[in-house]
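Numbering (the UniProt record's numbering), first residue to last: 1 to 85. We put the CB at the ideal spot given by N, CA and C, even for glycine. The next block holds one structure in the form of structure tokens; read it before the comments.
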């Protein structure tokens, strides 16, 4: 694989995380992230009925808010829209 292809894949990886990757970054279980997504308390993009992607920008924004604000961040505050019931 060429260096350009590696760089391209690295850029793609920064846009989205799998639920498992997001859980690892946040040091919580995968099921915790899935439950939070199901309860509209964690930002995610629904790909299929059982598959989600977590925007890297959402994780970055939560980290930045916690660090710069010296406070606890509620992931639910980062929801853009709620799912229709």
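### Task
Please name the residue or residues paired with residue 53 in a DSSP beta bridge.
The residue you call residue 53 lines up with position 53 of the chain shown. Note: residue 53 sits in a beta bridge opposite 45.
### Message
So, under 8 Å CB-CB, residue 22 and residue 59 are touching, yes? Tell me the CB distance rounded to an integer number of Å.
### Response
Here residue 22 corresponds to residue number 22 of the chain shown, with the count starting at 1. Here residue 59 corresponds to residue number 59 of the chain shown, with the count starting at 1. With a Cβ gap of about 6 Å, residue 22 and residue 59 count as contacting.
### Query
From residue 66 to residue 25, what does the alpha carbon distance come to, in whole angstroms?
Along the chain shown, one-based indexing puts residue 66 at 66. Along the chain shown, one-based indexing puts residue 25 at 25. When rounded, the distance between both Cα atoms is 14 Å.
#### Entry: The alpha helix (DSSP H) enclosing residue 36, as first and last residue numbers
One-based indexing of the chain shown puts residue 36 at position 36. Here the alpha helix (DSSP H) through residue 36 covers 30-38.
### Query
Hey, residue 42 and residue 75 are a contact pair by Cβ (cut 8 Å); roughly how many whole angstroms apart?
Taking the first residue of the chain shown as position 1, residue 42 is located at position 42. Taking the first residue of the chain shown as position 1, residue 75 is located at position 75. Yes, they are in contact, since the Cβ atoms of residue 42 and residue 75 sit about 5 Å apart, within 8 Å.
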